[in-house]
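Same order as they appear, the protein sequences are chains R and S.
Per my numbering, the first sequence starts with residue 4, numbered consecutively.
Per my numbering, the second sequence starts with residue 4, numbered consecutively.
The beta-carbon is built from N, C-alpha and C at its ideal position, and this holds for glycine as well.
Quick caveat, the model's predicted, so the values are computed rather than measured.
The next block holds one structure in the form of structure tokens; read it before the comments.
There are 2 protein chains.
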Amino acid sequence: MPASPRTTEDPAARGAGAGPIRQAGLRAHNLALVLGRIAGADRPPSRADLAAATGLTRATVSALADELLRGRLIAEVDPAPRAGAGRPAAGLTLAPDGAAGLGLEINVDYLAACVLDLTGRVRHREVRDQDLRPLPAAETLDRLAGLAAAARRAATAAGLTLAGATLAVPGLVDPTGLVRWAPNLGWRDVDVPGLLADRVPGLAVDNEANLAALAELHAGAAPASFLYVSGEIGVGAGVVLAGALYRGARGFGGELGHLPVDPAGRPCRCGSRGCLEQYAGQEAIVAAAGQPPGSTHRLAELAGAGDPAALAALERAGRALGVATSGAVNLLDVGAVLLGGGYARLAPWLLPALRTELAARVVTAGWAPVEARAALLGSDAAVIGAAGSVVRSVLAQPARWLARAAA
Amino acid sequence: MPASPRTTEDPAARGAGAGPIRQAGLRAHNLALVLGRIAGADRPPSRADLAAATGLTRATVSALADELLRGRLIAEVDPAPRAGAGRPAAGLTLAPDGAAGLGLEINVDYLAACVLDLTGRVRHREVRDQDLRPLPAAETLDRLAGLAAAARRAATAAGLTLAGATLAVPGLVDPTGLVRWAPNLGWRDVDVPGLLADRVPGLAVDNEANLAALAELHAGAAPASFLYVSGEIGVGAGVVLAGALYRGARGFGGELGHLPVDPAGRPCRCGSRGCLEQYAGQEAIVAAAGQPPGSTHRLAELAGAGDPAALAALERAGRALGVATSGAVNLLDVGAVLLGGGYARLAPWLLPALRTELAARVVTAGWAPVEARAALLGSDAAVIGAAGSVVRSVLAQPARWLARAAA
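Here you go:
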């Protein structure tokens with residue numbers, strides 16, 4: 004979020020080119036500045052509050068606020084009654100009925116969609132459980148397009164306008180949105196934005212654990228640096244360092260699921276052996292618990308009822324998670340491990356063994372211990388993170404949205 | 004290194020406080036700017052070249068250069084002869100006979116010291132092989148102080164003045180220089196700067212793999228992001244991301260040596276089991292090769308002579324390194340693994356098995372492969388990195404050095 008106002012006297016804006024371009028850049032910067040203040044405020048600020056906070060003049064703030072109001076990015080709310088003379092000024096808040104973000108998710112055994120408004124509230128949500136592994140990628144994308152169309156209709160019915168869409172996938176995604184590899188889906192080099200160009204134009208694609216980690220970060224209860232472990236059929240991770248997602252030198256970081264926990268152990272779908280997923284993926288836990296494939300949703304229920312096989316399987320998975328996350332913590336030196344995705348509801352049974360391994364294996368455990376706990380968000384973290392990334396890009400660049408809305 | 008000049012017209016300098024303080028900050032900034040340009044130039048620039056490159060006036064550059072000359076941070080060299088009229092201007096270069104950095108190293112089986120001048124040339128180097136594990140920390144530090152005194156005398160004899168000292172240790176160091184834990188030395192909470200305050204005042208302390216990785220980065224042949232693996236009796240790592248050392252959220256990152264390669268395997272000095280060090284540390288390799296303890300220096304010789312036990316032990320170590328570094332690469336997504344420290348000379352026998360594991364286990368191997376090779380610098384990388392960190396801090400903050408030299 005921009006931190007300081009720019010006026011034409013500012014050398015950063017001066018000399019940036021010819022007059023009109025310079026003015027446009029200035030306006031875009033200041034729109035983002037004012038909108039960012041409104042988004043980050045504890046209570047709806049007045050125009051005067053915003054002028055004081057940003058260093059812009061009252062007149063400039065009013066003009067910018069009017070633009071944001073016309074573009075339905077902000078709304079006016081009644082001021083809190085106050086003592087003293089004079090009519091109190093109206094407060095400004097993010098509009099709950101303007102732009103919204105569409106989040107989509109393809110996972111191994113479900114598809115999901117959600118619509119988030121600018122205030123961060125979920126306005127629509129749909130999950131379709133189905134095993135996608137037998138389907139060709141084109142068929143899965145067809146079904147996803149159907150879910151996206153339904154979400155768009157729901158958004159329109161609620162008076163919202165979708166500003167963009169982001170898709171979460173359980174795989175390695177390059178910066179163009181090409182899914183390089185999703186081992187659990189059997190995908191290689193699937194050009195998702197290209198294949199959906201007509202039905203979901205401008206689609207962004209990202210790794211599901213990355214988006215879930217961002218959702219957890221923006222949900223507000225996470226520390227500044229943490230390892231987010233997303234447990235579905237595959238095991239992914241998002242690495243957050245000093246309040247920002249760490250994507251790796253080439254964009255493919257955070258692949259915890261293929262950390263070896265037993266290098267000579269079971270073969271993995273990735274072609275290697277003994278990977279964490281083979282011991283702590285949800286289907287591996289289900290199999291170890293003696294349950295039929297596909298019954299991952301019953302695990303918490305069985306464990307809650309004290310089923311010995313389920314408890315033993317979860318303890319073993321917790322131990323494998325502890326071995327792998329200890330290695331990650333020793334390398335990254337983060338102070339927290341958050342269990343998210345499908346792990347969030349299994350955390351009570353995974354955490355004891357995981358914590359034992361962390362205490363034994365993390366080299367700083369004696370003086371800089373590592374917290375392990377369930378993430379705030381569960382299995383919908385990735386799809387919420389996907390929608391949230393659209394919302395955050397509108398908030399960071401409101402001028403783009405206003406130009407589109409005007410066109 | 005600062006990137007742009009500041010004048011009193013610059014708003015970043017304006018309003019920074021009262022006149023004298025502001026002027027001093029400006030001078031310090033511009034001294035560093037000019038010195039940085041001289042350090043980074045392909046050939047010695049003239050004062051006119053520096054004025055053109057920095058945007059400062061000729062008069063300002065001349066005054067700053069005179070100060071740097073008086074402080075023996077730079078020297079004048081004869082200009083290259085050139086065609087055309089007029090006497091060519093003198094070139095400016097880093098002084099080889101002014102400030103220097105003292106690097107010190109405590110490892111498990113040796114002590115080392117080196118003196119680096121501003122141009123990066125090693126002017127003095129001493130290594131004392133001895134097993135330090137039986138000694139109490141105070142005795143080891145006494146011997147180190149002796150080595151430091153000898154290095155100081157050598158520097159003085161060469162006309163150099165030590166600007167500071169940095170010590171490399173094989174352990175976890177907190178930001179105050181307290182060695183929290185060095186498992187292979189048996190150290191816990193050793194306040195090295197405090198214990199050496201009289202004999203090596205102002206000593207900085209850092210992890211040996213971090214300093215070695217920095218030395219490799221500044222040696223110029225390394226990529227922008229890499230995992231540097233330092234193999235002595237312990238195994239350490241330095242993580243370099245986008246040209247900067249990644250220290251971890253709390254300063255203790257890069258602990259590769261305790262990544263589990265066989266979670267149920269041999270007990271480790273760290274209290275855990277199956278850590279990489281137990282399979283790829285130099286003493287573990289020596290034992291597997293059927294050689295007596297302490298003969299780590301004979302490993303390369305034996306392997307070179309085709310000794311089957313040594314070759315098998317090195318192959319096994321390479322495999323363990325491959326398992327651990329694959330995990331690290333999957334998390335960090337760096338494009339290169341550099342084998343440094345004692346591994347540099349063993350690389351020919353470690354690399355084949357290491358590369359096989361990387362190819363099998365790194366999830367991006369199919370489209371974003373990982374290079375594995377020997378580091379440029381060998382066992383003296385850490386002590387050179389330690390001295391280099393002193394030199395770089397003089398180059399980054401020349402005003403501090405000039406104030407000290409004047410006092």
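Exercise. By DSSP, does Asn-333(R) sit in helix, in strand, or in coil?
Worked result: Within the first sequence, residue 333(R) is the residue found at index 330, counting from 1. Residue state, collapsed to three classes: helix.
For this session: Mark Gln-294(R) as exposed unless 16 or more other C-beta atoms lie within 10 angstroms of its C-beta, in which case mark it buried.
Result: Here residue 294(R) is taken as the residue at index 291 of the first sequence, counted from 1. With 16 or more Cβ atoms within 10 Å of its Cβ, Gln-294(R) is classed as buried.
For this session: Starting from His-261(S), find everything on chain R with Cβ-Cβ shorter than 9 Å and list it in chain order.
Result: Sequence index remark: in the second sequence, residue 261(S) carries index 258 (1-based). Correct list: Ser-329, Gly-330, Asn-333, Arg-364, Val-365, Val-366.
Exercise. By the criterion of Cβ-Cβ separation under 7 Å, what are the contact partners of Leu-175(R) in chain S?
Worked result: As a first step, residue 175(R) must be located in the first sequence, where it is residue number 172. Neighbours of Leu-175(R) on chain S, chain order: Val-366, Thr-367.
Exercise. Where do the ends of the beta strand (DSSP E) carrying Ile-109(R) lie?
Worked result: Working through the first sequence from its first residue, we reach residue 109(R) at position 106. For Ile-109(R), the uninterrupted beta strand (DSSP E) run begins and ends at 102-109, by DSSP.
Problem set entry | Proximal residues to Leu-150(S) (C-beta, below 8 Å), its chain only, five neighbours per side dropped | Within the second sequence, numbered from 1, the residue matching residue 150(S) stands at position 147. Around Leu-150(S): Leu-107, Leu-114, Ala-115, Ala-116, Glu-129, Arg-131.
Problem set entry | 7 Å Cβ shell around Ala-356(R) - same chain, five flanking residues per side excluded | Taking the first residue of the first sequence as 1, we reach residue 356(R) at position 353. The answer, listed in chain order, is Glu-318, Gly-321, Arg-322, Gly-325.
Exercise. Does Pro-266(R) get closer than 9 Å to chain S when you measure Cβ to Cβ?
Worked result: The count along the first sequence starts at 1 and reaches residue 266(R) at position 263. Any Cβ of chain S closer than 9 Å to the Cβ of Pro-266(R) would place that residue at the interface, and such an atom is present.
For this session: Could you tell me whether the Cβ of Leu-357(R) comes closer than 9 Å to any Cβ of chain S?
Result: To locate residue 357(R), count along the first sequence from 1; it is residue 354. For Leu-357(R), the closest Cβ of chain S is not nearer than 9 Å.
For this session: Report buried or exposed for Pro-173(S), applying the criterion of at least 16 other Cβ atoms within 10 angstroms of its Cβ.
Result: Position 170 of the second sequence, counting from 1, holds the residue named residue 173(S). Buried, because 16 or more other Cβ atoms sit within 10 Å of the Cβ of Pro-173(S).
Exercise. Is the shortest distance between the beta-carbon of Val-340(R) and the beta-carbons of chain S less than 9 Å?
Worked result: For this step, residue 340(R) is matched to residue 337 along the first sequence. Not one chain S Cβ lies under 9 Å of Val-340(R).
Exercise. Cβ of Gly-391(R) within 9 Å of Cβ of Leu-214(R)?
Worked result: By one-based count along the first sequence, residue 391(R) stands at place 388. By one-based count along the first sequence, residue 214(R) stands at place 211. Taking C-beta atoms as the reference points, Gly-391(R) and Leu-214(R) count as a pair closer than 9 Å.
For this session: Say whether chain S places a C-beta atom closer than 9 Å to the C-beta of Ala-240(R).
Result: In the first sequence, the residue the question calls residue 240(R) occupies position 237. So yes, Ala-240(R) belongs to the interface.
Problem set entry | Arg-40(S) in three-state terms, based on DSSP | Within the second sequence, numbered from 1, the residue matching residue 40(S) stands at position 37. DSSP places Arg-40(S) within a helical segment (H, G or I) once states are collapsed to three.
Exercise. Is Asp-265(S) buried or exposed, if buried means 16 or more other CB atoms sit within 10 Å of its CB?
Worked result: Looking up residue 265(S) in the second sequence gives position 262. Per the 10 Å Cβ criterion, buried.
Exercise. What does Ala-171(R) reach in chain S if we use C-beta pairs closer than 9 Å?
Worked result: Taking the first residue of the first sequence as 1, we reach residue 171(R) at position 168. The CB of Ala-171(R) never comes closer than 9 Å to any CB in chain S; the least such distance is about 18 Å.
Exercise. Ordered along the chain, which non-local residues of its own chain (more than five positions away) have a Cβ less than 6 Å from that of Leu-220(R)?
Worked result: Position 217 of the first sequence, counted from the first residue, corresponds to residue 220(R). Closer than 6 Å at Cβ, skipping near neighbours: Val-243.
Problem set entry | chain S contact for Gly-496(R) (CB, 9 Å cutoff) | Outside the displayed span of chain R (4 to 410) sits residue 496(R), for which this structure offers no information.
Exercise. Taking C-alpha atoms, which residue in Ala-158(R), Gln-26(R), Ala-225(R) lies nearest to Arg-376(R)?
Worked result: Start at 1 with the first residue of the first sequence, and residue 376(R) comes out as number 373. Measuring from the Cα of Arg-376(R), the nearest candidate turns out to be Ala-225(R).
For this session: Would you mind giving the Cβ-Cβ distance between Gly-101(R) and Thr-60(R), rounded to the nearest angstrom? I have them listed as a contact below 8 Å.
Result: Sequence index remark: in the first sequence, residue 101(R) carries index 98 (1-based). Sequence index remark: in the first sequence, residue 60(R) carries index 57 (1-based). Actually they do not touch by this definition, with Cβ atoms about 26 Å apart.
For this session: Give the straight-line distance between the Cα atoms of His-261(S) and Gly-251(S), rounded to the nearest whole angstrom.
Result: Mapped onto the second sequence, residue 261(S) falls at position 258. Mapped onto the second sequence, residue 251(S) falls at position 248. So the two alpha carbons sit approximately 16 Å from each other.
Exercise. Measuring from the CB of Val-340(R), is there a heavy atom of the ligand NAP at a distance below 8 Å?
Worked result: This structure lacks the ligand NAP; in fact it carries no ligand of any kind.
Exercise. Between which two residues does the alpha helix (DSSP H) harbouring Glu-142(R) extend?
Worked result: Position 139 of the first sequence, counted from the first residue, corresponds to residue 142(R). Counting along the chain, the unbroken alpha helix (DSSP H) around Glu-142(R) starts and ends at 140-160.
Exercise. Is DSSP giving Glu-129(S) helix, strand or coil here?
Worked result: On the second sequence, position 126 is the one that residue 129(S) refers to. In this structure, DSSP gives Glu-129(S) an extended state, which the three-state scheme calls strand.
Exercise. So, does the CB of Val-195(R) fall closer than 9 Å to a CB anywhere in chain S?
Worked result: On the first sequence, residue 195(R) is found 192 positions in, with the first residue counted as 1. Any Cβ of chain S closer than 9 Å to the Cβ of Val-195(R) would place that residue at the interface, and such an atom is absent.
Exercise. Is any beta-carbon of chain S found at less than 9 Å from that of Ala-315(R)?
Worked result: As a working note, residue 315(R) is residue 312 in the first sequence. So, not an interface residue.
Exercise. With distances taken from CA atoms, which of Arg-136(S), Arg-155(S), Thr-96(S), Leu-144(S) is nearest Val-118(S)?
Worked result: Along the second sequence, read from residue 1 onward, the residue named residue 118(S) stands at position 115. Nearest to Val-118(S) by C-alpha distance, out of Arg-136(S), Arg-155(S), Thr-96(S), Leu-144(S), is Arg-155(S).
For this session: Starting from the beta carbon of Glu-374(S), find every residue of chain R whose beta carbon is closer than 9 Å, and list them in chain order.
Result: Position 371 of the second sequence, counted from the start, is the residue given in the question as residue 374(S). Simply none; closest approach about 12 Å.
Exercise. Got a sec? Which residues, its chain only, sit under 7 Å from Ala-42(R) by beta carbon, not counting five neighbours each side?
Worked result: The count along the first sequence starts at 1 and reaches residue 42(R) at position 39. Excluding five sequence positions before and after Ala-42(R), the CB atoms of its chain that fall closer than 7 Å to its own CB belong to Leu-97, Leu-398, given in chain order.
For this session: Measure the Cβ-Cβ separation of Ser-233(S) and Gly-343(S) and say whether it is below 9 Å.
Result: Indexing the second sequence from 1 puts residue 233(S) at position 230. Indexing the second sequence from 1 puts residue 343(S) at position 340. Yes; because the gap between Cβ atoms is below 9 Å, this pair is in contact.
Problem set entry | Buried/exposed call for Gln-285(S), threshold 16 Cβ in 10 Å | Sequence index remark: in the second sequence, residue 285(S) carries index 282 (1-based). Classification of Gln-285(S): buried, given that the 10 Å Cβ count is 16 or more.
For this session: Please confirm whether Leu-335(R) and Leu-230(R) have their CB atoms less than 9 Å apart.
Result: For this step, residue 335(R) is matched to residue 332 along the first sequence. For this step, residue 230(R) is matched to residue 227 along the first sequence. Yes, they are a contact pair.
Problem set entry | Collapsed DSSP secondary structure at Pro-270(S) in the structure displayed | What you label residue 270(S) is simply residue 267 of the second sequence in a count that begins at 1. Of the three classes helix, strand and coil, the one that applies to Pro-270(S) here is strand, per DSSP.
Exercise. In terms of residues, what are the limits of the alpha helix (DSSP H) holding Leu-214(R)?
Worked result: One-based indexing of the first sequence puts residue 214(R) at position 211. Note, Leu-214(R): alpha helix (DSSP H), 211-222.
For this session: Locate the alpha helix (DSSP H) running through Val-172(S), then write down its first and last residues.
Result: Taking the second sequence and counting its residues from 1, one reaches residue 172(S) at position 169. Run containing Val-172(S): none in the alpha helix (DSSP H); it sits in the beta strand (DSSP E), 164-172.
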